[in-house]
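What follows is a set of notes on a single structure, which appears directly below.
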Amino acid sequence: MKKFALPLLILGILALAAYWYVFHKPHRDLIHEEAAFSLSANNLMSDFQKDRALADSLYIDQIISLKGVVKELQEAALILEPGIYGSLDSTESMPALKVGDSVQIRGRVLSFDELFEEVKLDFVQFENQ
1 MKKFALPLLI
11 LGILALAAYW
21 YVFHKPHRDL
31 IHEEAAFSLS
41 ANNLMSDFQK
51 DRALADSLYI
61 DQIISLKGVV
71 KELQEAALIL
81 EPGIYGSLDS
91 TESMPALKVG
101 DSVQIRGRVL
111 SFDELFEEVK
121 LDFVQFENQ
């Protein structure tokens, strides 16, 4: 019985350390994170349409800065030409924008929706507004 006690104790300590490492990491601060890419909305959309796998590996879960033209405004979201859907960060309020205005936004890329041909962003903030 004694020969199993030490390996069992070491295994228990390793399991506890692994649990602590996995579940007690600090959360990612998306608001203050530096943008990994800066590009136009048209370039982002064409990247996803040309090579979806490459665009996924480059942009998904990355903070990007986008420049584009407003296509549609909603209460807590906006759509840029040619189909970039961005939901605003909860701390961000919609500035006085009109359809056709040029904007610079930053946000995290969630996915590309092939059915609606939209790139989806969240945690969107307005830059230089």
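Sequential numbering from 1 applies to the sequence shown in UniProt numbering.
Ideal Cβ placement from N, Cα and C applies to all residues, glycine included.
Computed from a prediction, not measured in an experiment: that's the story for all the values here.
| Asked | Found |
| --- | --- |
| Beta-ladder partner(s) of Phe126, from DSSP | Ile105 |
| Top-ranked residue by Cα proximity to Tyr85, from Ala35, Glu92 and Leu66 | Leu66 |
| Best match in Leu54, Phe126, Ile63 and Tyr59 for proximity to Glu92 [C-alpha to C-alpha] | Phe126 |
| Segment limits, beta strand (DSSP E) that includes Gly100 | That residue, Gly100, is in no beta strand (DSSP E); it is neither H nor E in DSSP. |
| Contacting residues, own chain, Cβ-Cβ under 6 Å from Val99 (five flanking each side not counted) | Val70 |
| The stretch 53 to 67 / the stretch 30 to 39 touching (three or more Cβ pairs under 8 Å) | yes |
| Where the beta strand (DSSP E) through Ile84 begins and ends | Ile84 to Leu88 |
| Beta-ladder partner(s) of Ser40, from DSSP | Lys67 |
| Through-space distance from Asp113 to Leu58, alpha-carbon basis | 16 Å |
| heavy atom of the ligand MG below 7 Å from Glu127 C-beta | As presented, the structure is devoid of all ligands, the ligand MG included, so that no description of it is given. |
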